[in-house]
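So the structure is just underneath, and the comments pick up after that.
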Amino acid sequence: MPLLHLFSKESLTRTTLIKMGIRIAIVIFAVTLLSYWHVISILESQTLEQLEKYIIERGQRDSQLFLLAEDNHAVFKKEFMWQIENGPDRDPQYEFEQLFVRWADGVIRNKLDQFDGTRQVGLYMGKTQGKPLTINADVRRRVLIFYHFLMRYGPAWHNRFQNTYVTTPENIILVYWPEIPTWAIDAPADMYIPNEEYFWITDQQHNPKRESVWTGVFYDKVSKVWMVSCETPVDIANRHVATIGHDIFLTDLFNRTIDDHLEGAYNLIFREDGRLIAHPEYMTQIQDAKGDFNILNSDVQYLNNIFQAVKHRQPGTIALENTKNNEYLAVTKIAGPDWYFVTVYPKSLLANLAFDTARFILILGLISLLFEITVLFFVLREQVAKPLNDLMGVTEQIRKGRFETHLEVMRQDEFGHLAQSFNAMSQEIQAREDSLREANQLKDEFLANTSHELRTPLNGIIGIAESLREGVAGDLSDNLKANLSMIVSSGKRLSALVNDILDFAKLKHKEIELQLKPVGLREIVDVILTLSQPLVAKKPVELNNAIALDLPAAKADENRLQQILYNFVGNAIKFTDKGHIIISAKVVNTRIEITVSDTGIGIPEDKLDRIFESFEQVEGGAAREYGGTGLGLAVTKQLVQLHGGNIWLESTLGLGSQFTFTLPISEEPVSSQSSVVASQLSQIQAPAYLDSETLVQQAQFSKTAGEHFNILIVDDEAVNRQVVANFLSLQDYNIVQAASGMEAISLIEEGLRPDAILLDVMMPRMTGYEVTKRLRDKWQLTEMPILLLTARNQVEDLVIGLEVGANDYLTKPISKDELLARLKTHLNIKRLREENIRMTAELDVSRRLQQMLLPKDKELQHIEALDIAGFMAPADEVGGDYYDVLYQDGQVLIGIGDVTGHGLESGALAIMVQSAVRTLLAAYHQLDAVKFLTALNKMVYHNVIRMNAEKSLTLSLLSYQDGHLVLTGQHEDMIVIRSNGEIEEIDTMDLGFPIGLEEEMPDCIAETKLSLTSGEGVVLYTDGITEAENLEGQFYGLERLCFIIKQNGQQSAKKIQDAVIDDVRRFIGEQKVFDDITLLVIKQK
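In the numbering used here, the protein residues as written are 39 to 1123.
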């Protein structure tokens, strides 16, 4: 069972699968949606739990360093207080002066020659309010205690803290900072430590609790790095005497905060007062604000939303939802500076994770759906679709008439019962079909067997009635002629009905097989219009073939195509009383549209869609007036459809109709051997202007008075022979009759040479086809014309007849006028062929004489002063061109002429003129234009009168001597080539008059003179060049001729001639040459 059928739009399998697939897909999508929301809720719970765990661990880890700094300070402070209270109370002036010295800027610093900042503590004792600090024993004692403590604790704490230092209100700072060993040395003299945050943050005003505190982010001017400091105040007797400090570089803190985060989340740090410490996107802004970037004062709304959510969260809440920013927040505090450490987790991460999970579920569901549909497909195919398709297949076989086909009953379910009922029904239908087929076969046999018998008596009735009406048995009364006309008309209508019924029966039973091949439409239409011309009779109706010559070939059965066109044209003639019938065609995509247009009565709009139905006609007066069976167009439509074409009709009542049908374009050209009918017509070579009516009237052309044609009539039916004999006897033909094909062959072998044979096809023992084939073995088509007469009117019968060698084919009942017209056509064509052979020989002689009288190349080469090249190519029908060059006594005489018209007379007159010119030139010795042309005109005029022809010629004569030219006579413009490459045109219209047009030459003969220098020349030609025509109908023209001459003007005469002739031939292409081509080039050497 073909899969394509299973998935057709109407397939039960397809519709069932679609419905099931849609239902299952809806369930899958619903489950996926529920799964998405469920996964979202689970992920939300897990994420909040993960955030709480992460933020607690992160807070504890980041608080360790800050708590350690406070612990260090407590140890340092405790040791210092103990030393102050219990240490020796003496002035360590000597030690102080050994370590420190006042520098030139007034600041006391380490002695530079003894100081190593990588191992020692640096001292800076600056000025107080612009004055040097007063150094007393208490100051020296405290400084040295701090110095020794820093020397002890600084290196121990250095692995966790960058530095350890002590500051005092007296603008003193001692610092241990190995990485920046010269910090105290490089500190500026105007530095005032009490103004720095890392000092004043511990004074009693800012730190009343006297506990360790942390600075904000600040930029150290000496180390030039951002840092944060832990500061612990030291008081003695409630007096602030020092501050212990640790600096923590923010680089590490920033890196940990920004880089160490959960995937998809980010961290930030801010103080209780809103100062932002670290944020991955705002580090530049923090540095630009020198560590004082406050969230509350900024216009960054989403940071403000985070700050407010953190500040207003419920006590003890670690993870919370920030609905304003669509995110989760995890919050902890870094012990020590008491900063907020916040992790921001966007909700979109949860949505993406949930979507990935839902997408997986959806893909898995769709895969399951595909699997389920596949399984369901095989189940439906085997259990439902296959039985149904088997039933459909058997139904289709029964519809085609194969009633022996049965369904196999292999099941006991509903399908099994259906198959049993169907088999019983098919057997009953087969019985009825056999009965109908037997009856139809009897009908077809009856039609086939009686068709010939019907036509034979019909032919006799029509023929005898027509011959009696025409007076073969003597004059008849008008009343009797009218009755005979009614018999003839009724017989013809009955004959047409028989033909249509037989064609319709064949098409109905599809017994017609097409013989498709490339067909030239224009040639076929020519044949149809020729055959249809007698139907026009005396009506003022023109038949026109408007099909283009370059239309591609159609792919069709040539004989059936003729039948289609004949039906259309015959129908158009029947309903057209005046005007025209035109057959045209055009290419539309891959098809050819052929249209038969007429100016007839037209068809009502409500009948257009029914006109091609069987037995359908225009109702009312038209049907009664024109008659017909209503089968012609039905047969035509079926023949068009048999070719794979379409047919339609456009019509306006009272204005006419357009019948259009289509045929496929052939991919191959028409065969070089033309179609059978066209081949016969080409051998006949009938002139286009000879129609059948003209030929009927041209008895005087056929033979001389008292001489008659011998016509052999061959038919096994005596009545048929009598009908034809009656028709011919009215035209005084000599008639010989034969009752069989064998008798006809015997008569011819015994010496009978009929001018034409009228031959029946259906005869016993030897058919007309066999007789024709025997005769064609000895005599050609035009030697012994054979016209087949038969009641078999199918196109294939005509094809067989023409293939075996018949000249024409007429179907019974035979129309007298058509028989006489076609017979006389073929008799006259026979005589025309003989005349053509004679004329062809004469034209060939004329062409040879023209070539013989042309001057030879050797003669031209003897003229030393001139370079001369001449060319003449006669047309197919021989024109009247000539040129001549004479040289005597140092003078060169050149003549060129063109006789009007073509053919033998024009060629003969051209030869006569050439001889006359030479004779006159010899008589006058020197050219006298008036005397010469006057004498030549009289001679030509009298010869034209004797020839009884309307001829004349244009003639130019050119006299040359010592570089001087004298031109006379009317002809084409003479072209002059100048040495500078320019071209001149000399009009000869006023230099003479056409020769032979009138007996007396008008007083209009004149001369023109010109001189030639070396390399200059003249070109003479006939209108065969300027009026040469290409396939597009364009003329070569004088302008193009001058252009080619100018291009090659510096070449020799021969090369100029060759260039012009080559260009003319390229221009003409494949076009036929209608006139002689003559060219003469003369150049001064």
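Glycine is no exception: its CB is placed at the ideal position from the N, C-alpha and C atoms.
- Between the stretch 1019-1029 and the stretch 1079-1087, the count of C-beta pairs closer than 8 Å reaches three or more; the two stretches touch.
- Within 10 angstroms of the beta-carbon of A175 lie fewer than 16 other beta-carbons, which makes it exposed.
- One thing to note: V557 has its Cβ within 8 Å of the Cβ of A594.
- Taken in chain order, the whole beta strand (DSSP E) runs of length 3 or more contained in the stretch 311-339 are 314-316.
- The alpha-carbon of T355 is positioned some 28 Å away from that of V255.
- Rounded to whole angstroms, the separation of the alpha carbons of V1004 and S1049 is 9 Å.
- Counting along the chain, the unbroken alpha helix (DSSP H) around T1064 starts and ends at D1061 to T1064.
- Taking 8 Å as the cut-off, the beta carbon of M163 is found no closer than this to the beta carbon of I239.
- T281 is positioned such that its CB atom lies no closer than 8 Å to that of R96.
- DSSP places T70 within a helical segment (H, G or I) once states are collapsed to three.
- If you draw a straight line from the Cα of E897 to the Cα of H980, it is about 32 Å long.
- Relative to A913, the option among I1115, S635 and R803 whose CA is nearest is I1115.
- Counting along the chain, G908 sits inside the beta strand (DSSP E) bounded by residues L904 to A911.
- If you look at I436, you'll find it in the alpha helix (DSSP H) that goes K424 to R437.
- The closest CA to that of V145, considering only G155, I173, Q131 and R128, is found on I173.
- Under the three-state reduction of DSSP, H444 is assigned to coil, being neither helix nor strand.
- By the 16-neighbour rule on beta-carbons within 10 angstroms, S464 is buried.
- A Cβ-Cβ distance of about 11 Å is found for the pair I751 and N772, leaving them out of contact under the 8 Å criterion.
- Pairing R803 with F613, the inter-Cα distance amounts to about 44 Å.
- Taking 8 Å as the cut-off, the beta carbon of A907 is found closer than this to the beta carbon of K1092.
- Sequence-distant Cβ neighbours of P232 in its own chain, meaning closer than 7 Å and more than five residues away, are P207, N209 and W238.
- For P707, no alpha helix (DSSP H) encloses it, and the DSSP letter there is neither H nor E.
- DSSP, reduced to helix, strand and coil, places L414 within a helical segment of the structure shown.
- For M163, the secondary structure class from DSSP, reduced to helix, strand or coil, is strand.
- In this structure the stretch 798-814 touches the stretch 830-846; the number of beta carbon pairs closer than 8 Å is three or more.
- For A373 against L105, the beta-carbon gap comes to about 5 Å, under 8 Å, which counts as contact.
- With contact defined as three or more Cβ pairs closer than 8 Å, the stretch 980-994 and the stretch 932-939 are in contact.
- Contact annotation: G283 and P219 have beta-carbon atoms that are not nearer than 8 Å.
- Of the residues D297, N364 and P353, the one whose Cα lies closest to the Cα of N343 is N364.
- Per DSSP, A357 is one residue of the beta strand (DSSP E) stretching across A357 to N360.
- Secondary structure note for T270: its beta strand (DSSP E) is the uninterrupted segment W264 to I274.
- If you draw a 10 Å sphere on the C-beta of V1056, you find 16 or more other C-beta atoms in it, and that means buried.
- Secondary structure of G1087 (DSSP, three-state): coil.
- Per DSSP, the unbroken alpha helix (DSSP H) holding E135 starts and ends at Q131 to L137.
- Pairing I852 with L892 gives a Cβ-Cβ distance that is not under 8 Å.
- The Cβ-Cβ distance between T1060 and L1076 does not fall below 8 Å.
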